[in-house]
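Numbering (UniProt numbering), first residue to last: 1 to 1126. Scroll down for the structure; my scribbles are underneath it.
So this is what it looks like as structure tokens:
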């Protein structure tokens, strides 16, 4: 037998040296190449400023250095070995590379590029000292326990932020305004306070703009000039900079005269943009050096802020309101968030990149690289596709890109950047609005299923300005080949012909096992809609992918999977699963109810997880039966079973239970037919009963579970998006919101369900409204009329667009005529909403049929804006007025994006997080902390974007160090958690409010009371708006703010907070007791002697039913404090 030769990878330690003497020692393997080294070195703080360069290997013999290409493995390069020196040699810039360098530099300087150095540092960081101390004490106690010595109680040292009080003084003036902001309680006050407390330290430079002298003329281009920049330094000097093929230099231009010659005072040429900025401004140089020090740290807040947003977070990153947009300054640093994205609207920095989405996507999936690297690259490609699809959809709406079928506006289809984009409307015959969500969900599952030889495409759904688009990557060949000739499985003509190729069957059988599909008996059917002429009459030159097709309407045959889900063969000879719009069986209960109520037949699937829940319940039942059977067998043999003692009567009962369970299992299905209750399966099919059982489980078990959850934590559902999240978590579709509302006995819960239904119906109504070309030409007008109609207390026959005695935009006559023609009155809007709610939720409004409160209408406005991607100006909206919103208050429309991604990494990280929580419950803090930190690193490495699971990780890390009195580390982590909550859920979300409260509590313990007061105020403003002024959250906040104000020295304000706390909390509660206690103290400090005695009596009354010892201790402590004050 021949000996197999294995090439083992060798690790070398090398030195990378830059053109300015920078050095970095690092390890590389013999299988690495120049391109891999380039990626790694660009993430080093020392070298991250370089973007255009190559490597040369230094020749120790003094001969010419060896040029290193991008792809040759180091094992094949003669001079590479242990101790080798790699020289980083700058390349000449061209128009594309210098644009990229400028964008990269701006993003780098504003901390918008994640640095691997920070992640490596975080990964290598030792456990916090508090955790080390905890471990040592636990080990000592374990030893004492083993030696039967006394176990010493844990004594965790309190760790505070160094110089925390000094840093807190910066917030003193801000804290002084909090009471005023609280009294106003409007969006404008909230936004001002939020901006003041969350503003990042700016780059130490007034502005960097694209010069008005662009573009360079022909003679200057011949001299190598590529771009001109204008710099306004912090020292108030203005310089004009030339970006040349050789680098950057200061020229002699002024704001009034162009002179491209080099500036004699600054004659040097610099390879990078940051280098010349440092040379021209000493203030910037000092700032830059300090920022590079932060880049070498593992500061959690800095790391998370550097991550770009996931495409799906665009709509929530700034919330549904923002400050009014100021005139564009042109400062590149003001556009840092978009600098590295395709959304950057600066022509001089625009880069055109052609994509081949499916080719690149498949290349990654077929590559032989490590699974971790592959997962990261796949996710990156999926996110890039969603971003490109969003940009394309915005261009279709804003720039009026032409459709492929201009004569069929209802079937508008576009091809942009190798993406096929279908415009979807309520009346579309191509694909329905609901089908888009199913396309995303099913593709996401198929990605995770990893069925051999079955490929999937890239999919995104984009809602923008009332339009819905389905964006899909083009299957190779689909644009120039006839779809019928690509078919191998399923149907492309509404069931007229059904393909079932034996070559696909193994993949479908593997998929059926994962989805618990039961084989179906189906028959071809005539199409419901008339097929396009080109699909039936075209003479197709290419040979079909499969000839195994069923076309006889009388034939019945066995089939796997939904008939209208398709497997096609691409031009690259790969099999692609496309348009699997339902992976779970049809929801027949909904189908029958809808036909009865609305007179139309729909084919909506159950959630796939509902099937999994059923199968899991069956598996649990089977395990219980097997365990009981095993015990019985041992008992009957006379064997002892630990913890089990059974009499003869018990044994008989157990046998009967086993027998009944076996009968139940025999009649309990474990597979479900995805085609029953569709046109392709015969009515009365034997498989129908199984699907009905599944539908019954939703109605009788899952919907009641949602209601019970809502009862247990009512306050968390005031953010009504949480209702649907909870429904999805227990496998209930959002369309069952009506059923949930009907099952809610409490009117408050019913009202919250109705709010969510109205908001979701509003999206459909506004989409239909903006399908009108005139209204779409200036959508802010129709949107304003629509929102005012939602907020109006009375359902009057008026169009609420421009109120009397208001300075508002004049309504263009054509738009006014169109609104009058459509009759967009308040009553008409509400009749459209009620019709949509009836269709989509099978529900008739009950609570909202009556006039709503201001708080309810505010919450509805918030939720509608979130659903429709509308961003309003942050001002105080007087909801008592009919014309609460003016046209100019509509700032912008934000794309709402959903996209299919591969869930493997997320599922693994979720499992590890659950493991960490379990470890934490067992008291192993160190292991839990390390596990969560590793999950966080995996998420960042894999996604490269800010991901919702990161918030869970940071929350857990914060809880661990806070529990160990490590308030120093807790501040950093809590700030990071607040940033995540702001961006992921919105700055005025309940999730953000909870993190403001958490951070305020930790800051208070660090004696950073001014900032704590500001965060408490922000939390209070959110709770007031979302939960209402009489909610438990709000009542608890007054005491927190009073404590902070007292420590800040704002005694009058502190007393006011304490009085509010007393007035809003029941006597004898803990919150009331504390408020009453400090009210006595504060009145004494303010020398309000009469009030002191009055508050004392209130405190004594509140203490009347408390234990004598507690009462005595509190009053003695109060007397001592009062004595000290005197």
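Backbone N, C-alpha and C fix where the C-beta goes; we use that ideal spot for every residue, glycine too.
In the three-state scheme derived from DSSP, where H, G and I count as helix and E and B as strand, residue 85 is classed as strand. Contact check for residue 243 against residue 98 passes: the beta carbons are separated by less than 8 Å.
The stretch 909-926 makes no contact with the stretch 462-469, as fewer than three CB pairs between them are under 8 Å. For secondary structure counted as the alpha helix (DSSP H) over 4 or more consecutive residues, the stretch 13-66 holds these complete runs in sequence order: 34-41.
By the neighbour-count definition (other C-beta atoms within 10 Å, threshold 16), residue 356 is an exposed residue.
In this structure, DSSP gives residue 520 an extended state, which the three-state scheme calls strand. Scanning 902, 318, 883, 235 for the CA closest to the CA of residue 287 turns up 235. Here DSSP, grouped into helix, strand and coil, assigns residue 838 to helix. Residues 395, 414, 416 of the same chain have their beta carbon placed closer than 7 Å to that of residue 401, with the five preceding and five following residues left out of the count. Non-local C-beta neighbours of residue 570 in its own chain, meaning closer than 6 Å and more than five positions away in sequence, comprise 475, 476, 477, 576, ordered along the chain.
When C-beta atoms of the stretch 1090-1101 are compared with those of the stretch 1060-1076, three or more pairs fall below 8 Å, so the two segments count as touching. In the displayed model, residue 756 falls within a helix according to three-state DSSP. Pairing residue 960 with residue 981 gives a Cβ-Cβ distance that is not under 8 Å.
Scanning 245, 247, 230, 246 for the CA closest to the CA of residue 239 turns up 230. Pairing residue 49 with residue 108, the inter-Cα distance amounts to about 8 Å. The alpha-carbon separation between residue 163 and residue 1004 amounts to approximately 14 Å. Following the DSSP letters along the chain, one finds residue 631 in no beta strand (DSSP E) but inside the alpha helix (DSSP H) bounded by residues 608-636. Its chain contains 625, 628, 629, 632 as the residues whose beta carbon lies nearer than 8 Å to that of residue 658, once the 5 sequence neighbours on both sides are disregarded; these appear in chain order.
Residue 320 carries a coil assignment under DSSP once its states are collapsed to helix, strand and coil. DSSP places residue 669 in the coil class of the three-state scheme, outside both helix and strand.
For residue 181 and residue 850, the gap between their C-alpha atoms comes out near 32 Å. For residue 566, the enclosing beta strand (DSSP E) has its first and last residue at 566-569.
If you ignore the 5 residues before and after residue 528, its C-beta comes within less than 8 Å of the C-beta of 494, 679, all in its own chain and listed in chain order. Within the same chain, 625 come within 6 Å of residue 661 by CB-CB distance, once the 5 residues on both sides are set aside. Between residue 1081 and residue 1119, the gap from beta carbon to beta carbon reaches 8 Å or more. At a Cβ-Cβ threshold of 8 Å, residue 424 and residue 470 count as neighbours. Contact check for residue 825 and residue 890: beta-carbon distance about 20 Å, past the 8 Å limit, so the pair fails to qualify. Collapsing the DSSP output to three states places residue 240 in a strand.
For residue 453, there is no enclosing alpha helix (DSSP H), as DSSP marks it with neither H nor E.
A distance below 8 Å between beta-carbons, with the five flanking residues on each side excluded, links residue 747 to the following residues of its chain, in chain order: 847. Relative to residue 905, the option among 936, 329, 299 whose CA is nearest is 936.
The alpha-carbon of residue 598 is positioned some 12 Å away from that of residue 837.
Between residue 308 and residue 390, the C-beta spacing is not below 8 Å. The residue from 204, 273, 1071, 274 with its alpha-carbon nearest to that of residue 283 is 204. In the structure shown, the three-state DSSP call for residue 744 is coil.
In terms of Cβ geometry, residue 86 and residue 14 form a close pair [threshold 8 Å].
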